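According to the working numbering, the sequence shown is numbered sequentially starting from 659.
Positions of the beta carbon are idealized from the N, C-alpha and C atoms, including for glycine.
Nothing here was measured: the structure is a model prediction, and the numbers come from that model.
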Amino acid sequence: MCENASLFVVYNQLQLAVRWAAGVQPDASLGLGHLAIAAAGAGSVVSFILYGGFSFWTRGKTDAFLILQHPY
């Protein structure tokens, strides 16, 4: 539930940031490219939050972290 809530909060905030950067009025709808930028940014931020939170609770011993450090 927290993942979904954080995704929508970040998505809405990034939509506001894209509107400001593109000079789009607050009541006008965004184009597909602008929505894609907001969605990609929201996904990136939320995945960073989730990975950071998971890493914190497991004390940094995540499988992804161990794979990245394995000397192949």
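Residue i to residue j span [Cα, whole Å]
i	j	result
residue 694	residue 660	22 Å
residue 671	residue 683	15 Å
residue 681	residue 698	20 Å
residue 631	residue 679	Examination of residue 631 is not possible in this model, given that the chain is present from 659 through 730 alone.
residue 662	residue 704	9 Å
residue 688	residue 708	28 Å
Beta-carbon spacing of residue i, residue j below 9 Å
i	j	result
residue 686	residue 669	no
residue 700	residue 665	yes
Top-ranked residue by Cα proximity to residue i, from the options
i	options	result
residue 691	677, 662, 709, 702	677
Chain D within 9 Å of residue i, Cβ atoms only
i	result
residue 663	Checking the listed chains, one finds no chain D in this structure; it contains a single protein chain.
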